[in-house]
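Worksheet: one structure, shown below.
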Amino acid sequence: MNEVIYLCPACSASNRTDLPPRGVLKTVYSYPEIRKGRSPVVVLEKLREESYLPLLPLHDMNSWPALRIGKTPLYRTGPHMGLTVKGVELFLKDDSQNPTFSFKDRASALVSAWAKEHGIHTLVAASTGNAGSSLAGICAAQRQEAFIIVPAAAPLAKLTQILMYGATLIPVKGTYDDAFNLSVRVSERYGFYNRNTAFNPLTIEGKKTVSFELLEQLGRVPDRIFVPVGDGVIYSGVCRGFEDLLELGIIDRMPILVAVQSAGSANLVSNLGPDSFRAIPSNTIADSISVDVPRCFHMTAAFIRKYKGETVTVSDGEILEASGLLARSSGLFAEPAAAAAYAGFRKEMSSGNLVDGSINVVLLTGSGLKDLAAVRPVIRMPEAVEPSLEAATPVIESGL
Numbered sequence: 010m011n012e013v014i015y016l017c018p019a020c021s022a023s024n025r026t027d028l029p030p031r032g033v034l035k036t037v038y039s040y041p042e043i044r045k046g047r048s049p050v051v052v053l054e055k056l057r058e059e060s061y062l063p064l065l066p067l068h069d070m071n072s073w074p075a076l077r078i079g080k081t082p083l084y085r086t087g088p089h090m091g092l093t094v095k096g097v098e099l100f101l102k103d104d105s106q107n108p109t110f111s112f113k114d115r116a117s118a119l120v121s122a123w124a125k126e127h128g129i130h131t132l133v134a135a136s137t138g139n140a141g142s143s144l145a146g147i148c149a150a151q152r153q154e155a156f157i158i159v160p161a162a163a164p165l166a167k168l169t170q171i172l173m174y175g176a177t178l179i180p181v182k183g184t185y186d187d188a189f190n191l192s193v194r195v196s197e198r199y200g201f202y203n204r205n206t207a208f209n210p211l212t213i214e215g216k217k218t219v220s221f222e223l224l225e226q227l228g229r230v231p232d233r234i235f236v237p238v239g240d241g242v243i244y245s246g247v248c249r250g251f252e253d254l255l256e257l258g259i260i261d262r263m264p265i266l267v268a269v270q271s272a273g274s275a276n277l278v279s280n281l282g283p284d285s286f287r288a289i290p291s292n293t294i295a296d297s298i299s300v301d302v303p304r305c306f307h308m309t310a311a312f313i314r315k316y317k318g319e320t321v322t323v324s325d326g327e328i329l330e331a332s333g334l335l336a337r338s339s340g341l342f343a344e345p346a347a348a349a350a351y352a353g354f355r356k357e358m359s360s361g362n363l364v365d366g367s368i369n370v371v372l373l374t375g376s377g378l379k380d381l382a383a384v385r386p387v388i389r390m391p392e393a394v395e396p397s398l399e400a401a402t403p404v405i406e407s408g409l
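Going by my numbering, the first residue of the sequence shown is number 10, and it counts up by one from there.
And the structure:
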């Protein structure tokens, strides 16, 4: 097998671990070959028939895991759902419906499928939990081996998933960045295929599939998409998907992508100016987007500039409030990182930044069951009572 290249060798030669790496590769497709002189309508119809294979770095969709990856529900909010937004339309894209309950399955599935086509049996990933549990689950479905390196403080539910899927779990005494650097060294020594976000370029290609789904489900390009951001790979992936559609003439404009970061881990949006990059140690309940050095910083920043993207930061308090409101009003229980995107929407809505009649999408990227400890401060578990109507009556009446 030919050597696997993750980053551009020339661009990444001087990468430092305390700065965002350069050289994240971008997959290039022959758009004229895909078009073949056909109209955009016919091109889109053909792409749908082929499950968008011409826009993926695969030879055969049979390499894909035998699981339902993507094709997640898009909910239109309104009074029927308990969420009424004056003047604008709000849609919730629920990617917690993926097999391991997170958006990360889109990336893991493509990385796993590519590995399968190239005779690779063992994969490795660094993760705060979601990417690791995702790769572990997908590898279980594909009969591949997975080694997952995580910070020891990662949520127990995610670590449990990794072990249940049969992967080898390696907790480290350190941060996500420490786990990332170790995983790269493991890849170099043992030859394991590395799934790391913003290291393996196929993660971006996998995540872009949500853009194709949104166009199909809405029938048009949304005005804004609110994306939770840590490393920036989901943001870059969504951009890549719509960019493909734009290059093929299927759409005539890009949506405005809003990068939402926790104020306690805003190392991407806070460094978009011309000054030198400065990382501030992350401190947020949203562990899935808690990143000191955003690995996809340069690509994401370029997309934000090119397509006039927007940014917003939200506090942990706003994230918890959004999580509770979302769960009580819609029945969708999102983990803090996913709730951050909804908190960003609420913040932009209250600031008057959304145009009446606009169509807005919030990406809900993971299930709240992934991290129960994060929401413990905003719930109160009731004391047990005797199994009698008399004992239950005070509790019932207090809830009326």
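Here a beta-carbon is modelled for each residue, glycine too, at the ideal position from N, C-alpha and C.
query, result
"The ligand SAM heavy atoms versus the CB of L168: any closer than 8 Å?", "Inclusion of the ligand SAM in the displayed structure is not the case, the ligand content being empty and no account of it being possible."
"Which residue from L144, S367, I260, T206 puts its Cα closest to that of D240?", "T206"
"In whole angstroms, what is the alpha-carbon distance linking E185 and C305?", "Note that residue 185 is Tyr in the sequence shown here, rather than Glu. So the alpha carbons of these two residues sit roughly 14 Å apart."
"What do you get for N203, buried or exposed, if any count of 16 or more other CB atoms within 10 angstroms of its CB means buried?", "buried"
"Ignoring anything shorter than 3 residues or poking outside the stretch 332-395, list the beta strand (DSSP E) runs there in chain order.", "368-373"
"Does the beta-carbon distance from I147 to P210 come in below 9 Å?", "no"
"Here's the rule: buried if 16 or more other CB atoms are within 10 angstroms of the residue's CB, otherwise exposed. What is S407?", "exposed"
"Would you call the CB atoms of P237 and L277 closer than 9 Å?", "no"
"Below 7 Å CB to CB, which residues in the same chain sit around P290 once its five sequence neighbours on both sides are set aside?", "D301"
"When you compare each of Y84, F110, F286, S111 to E98 by their alpha carbons, which one comes out closest?", "Y84"
"Using the C-alpha atoms, what's the distance from L119 back to F156?", "17 Å"
"When DSSP labels each residue in this structure, what does S192 get in the three-state scheme?", "helix"
"For T36, which residues from the same chain have a beta carbon less than 7 Å from its beta carbon, with the 5 sequence-adjacent residues on both sides left out?", "P66, P210, E214"
"On a Cα-Cα basis, can you pick out the residue from L227, I179, T137 that is closest to T81?", "L227"
"Closer than 8 Å by C-beta to M10: which residues in its own chain qualify, once you throw out the five before and the five after it? Chain order, please.", "At M10 the pLDDT is 44, less than 50, meaning the model places this residue with poor confidence and gives no usable figure here."
"Relative to the C-alpha of V321, which candidate in F286, S271, G340, S39 has its C-alpha closest?", "S271"
"What are the complete alpha helix (DSSP H) segments, minimum 4 residues, inside the stretch 230-259?", "242-256"
"What is the rounded straight-line gap between the Cα of L151 and the Cα of T86?", "Going by the sequence as given, residue 151 is Gln instead of Leu. So the two alpha carbons sit approximately 36 Å from each other."
"Leaving out the 5 sequence neighbours to the left and right, which residues in its chain are closer than 6 Å to D380 when beta-carbon positions are compared?", "P164, E344"
"Taking its Cβ as the centre, do 16 or more other Cβ atoms sit within 10 Å of N292, making it buried, or is it exposed?", "exposed"
"With distances taken between CB atoms, is the gap from S117 to S143 smaller than 9 Å?", "yes"
"Assess contact between the stretch 245-253 and the stretch 385-402, defined as three or more Cβ pairs (one per stretch) separated by less than 8 Å. Is contact present?", "no"
"Measure how close the beta-carbons of F208 and L16 come, nearest whole angstrom, since I'm counting them as under 8 Å.", "7 Å"
"Quick check: L409 and G96, are their CB atoms within less than 9 Å of each other?", "no"
"Let's test the definition: count the other Cβ atoms within 10 Å of the Cβ of L398 and tell me whether it reaches 16, buried, or not, exposed.", "exposed"
"Give me whichever residues DSSP pairs with K102 in a beta bridge.", "L83, L372"
"Mapping the DSSP letters down to three states, classify N24 as helix, strand or coil.", "coil"
"Would you mind reading off the limits of the alpha helix (DSSP H) that contains V52?", "49-58"
"Between which two residues does the beta strand (DSSP E) holding E154 run?", "154-160"
"Could you give the distance in angstroms between the alpha-carbon of E319 and the alpha-carbon of V242?", "16 Å"
"Can you grab the Cα-Cα spacing for the pair A162 / P403, in whole Å?", "39 Å"
"Please work out which residues of its chain come closer than 7 Å, Cβ to Cβ, to V323, disregarding the five sequence neighbours upstream and downstream, and give them in chain order.", "V269, S271, A272, A349, A352, G353, K356"
"Could you check how far apart the C-beta atoms of V387 and L329 are, in whole angstroms? I think they sit under 8 Å.", "5 Å"
"Can you name, in chain order, every residue of its own chain whose Cβ lies under 8 Å from the Cβ of V384, other than the five neighbours on each side?", "L329, S332, G333, P345, G377"
"With which residues is V267 paired in a DSSP beta bridge?", "F235, E319"
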